[in-house]
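J.: Those letters in the sequence shown? Residues 1 to 154, by the working numbering.
Note that the Cβ used here is the ideal one computed from N, Cα and C, for glycine as well.
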Amino acid sequence: MAHNFDPFRDFDRMAGALLDTRSALREMPMDLYREGDHYILTADLPGIDPGSVDVDVDGQLLTIRAERTLASNDNVKWITRERRGGSFIRQLNLGQGIDTSAIAAHYNNGVLSVTIPVRESAKPRKIVIETGGDGMVEGGQLEDAPSSKGQVES
C-alpha cells in the first residue's frame, strides 16, 4: 500500500489548532432557547469567580465577559495543564423584539443564566377579522353579529 508523504500536514494541523477561533467558544459553551415569552441563555463558566462575570447590553448587543485566574506557581513542574485561565467573552446580537431594559442574569454553581424577555409589542396576538356586516371572524370561526331585531319564538 502506498502512502503519500506530506511534510506540511502536521504543521497545518498544528497551525489550524492554534488559529481555530471556535476553540474560544468552547471555553464558554452556551445554550439558547425560547420558553414562552422569554429567551433563556445558559453559559457554562466553571471555576469563574462570580465577581468577575459581567453582562451588559449596548443597543442590541449583549456581551458576557468573565475571567478565570489559575494559581501560578513557578516552583512546580506541570504534568498536564488543560484548564485555561484568562478572559472569556461572548457577544450576541439581539433582535428588535427584545425588551433590553428587563434582561436579568443569575450565576449559580458555575452556570450563568440570562433571561431575555420579548417586548410586549413583539408577542404574537390574534387579529379579529371583520366581515361585510353578516358577522365577524374570530379565531377562524364565523360568529353572528349582534342584532337589534327581536328573538323569534318557536
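1) Grab me the residues of ALA102's own chain with a C-beta within less than 7 Å of its C-beta, minus the 5 sequence neighbours each way, in chain order.
2) If you run the structure through DSSP and keep just helix, strand and coil, what is LEU25?
3) Short check: CB of ILE40 to CB of LEU112, under 8 Å?
4) Answer with buried or exposed for VAL76, where buried requires no fewer than 16 other C-beta atoms within 10 angstroms of its C-beta.
5) Expressed to the nearest angstrom, what Euclidean distance is found between the alpha-carbon atoms of THR100 and VAL57?
6) Give the single residue among ILE79, GLY85 and LEU61 whose Cα lies nearest to the Cα of GLU67.
7) Please state if the CB of GLN91 and the CB of LEU45 are separated by a distance shorter than 8 Å.
8) At which residues does the beta strand (DSSP E) containing VAL57 begin and terminate?
9) Report the rounded CA-to-CA distance for GLU120 versus ILE48, giving the unit in angstroms.
10) Would you please state the rounded distance, in angstroms, between the beta carbons of THR42 and ASP31? I believe it to be under 8 Å.
T.: In short, the structure shows the following:
1) Your numbering for residue 102 matches position 102 in the sequence shown. The answer, listed in chain order, is PRO117.
2) Working through the sequence shown from its first residue, we reach residue 25 at position 25. Note that LEU25 scores 47 on pLDDT, short of 50, meaning its location in the model is unreliable; the coordinates nonetheless yield the value given after this. In the structure shown, LEU25 falls within a helical segment according to DSSP collapsed to helix, strand and coil.
3) What you label residue 40 is simply residue 40 of the sequence shown in a count that begins at 1. What you label residue 112 is simply residue 112 of the sequence shown in a count that begins at 1. No, these two residues do not count as a Cβ contact at 8 Å.
4) Mapped onto the sequence shown, residue 76 falls at position 76. Looking at its Cβ environment, which holds fewer than 16 other Cβ atoms inside 10 Å, VAL76 is exposed.
5) As a working mapping, residue 100 is identified with position 100 in the sequence shown. As a working mapping, residue 57 is identified with position 57 in the sequence shown. Distance between the alpha carbons of THR100 and VAL57 is about 7 Å.
6) Within the sequence shown, numbered from 1, the residue matching residue 67 stands at position 67. For the residues ILE79, GLY85 and LEU61, the minimum Cα distance to GLU67 belongs to GLY85.
7) Here residue 45 refers to the residue found at position 45 when the sequence shown is read from its first residue. Here residue 91 refers to the residue found at position 91 when the sequence shown is read from its first residue. Going by beta carbons, LEU45 and GLN91 fall outside the 8 Å limit.
8) By one-based count along the sequence shown, residue 57 stands at place 57. It spans 54-58 - the beta strand (DSSP E) in which VAL57 sits, taken as one unbroken run.
9) Start at 1 with the first residue of the sequence shown, and residue 120 comes out as number 120. Start at 1 with the first residue of the sequence shown, and residue 48 comes out as number 48. Approximately 34 Å between the Cα atoms of the pair.
10) Here residue 42 is taken as the residue at index 42 of the sequence shown, counted from 1. Here residue 31 is taken as the residue at index 31 of the sequence shown, counted from 1. Contact between THR42 and ASP31 holds, with the beta-carbon distance rounding to 5 Å and staying under 8 Å.
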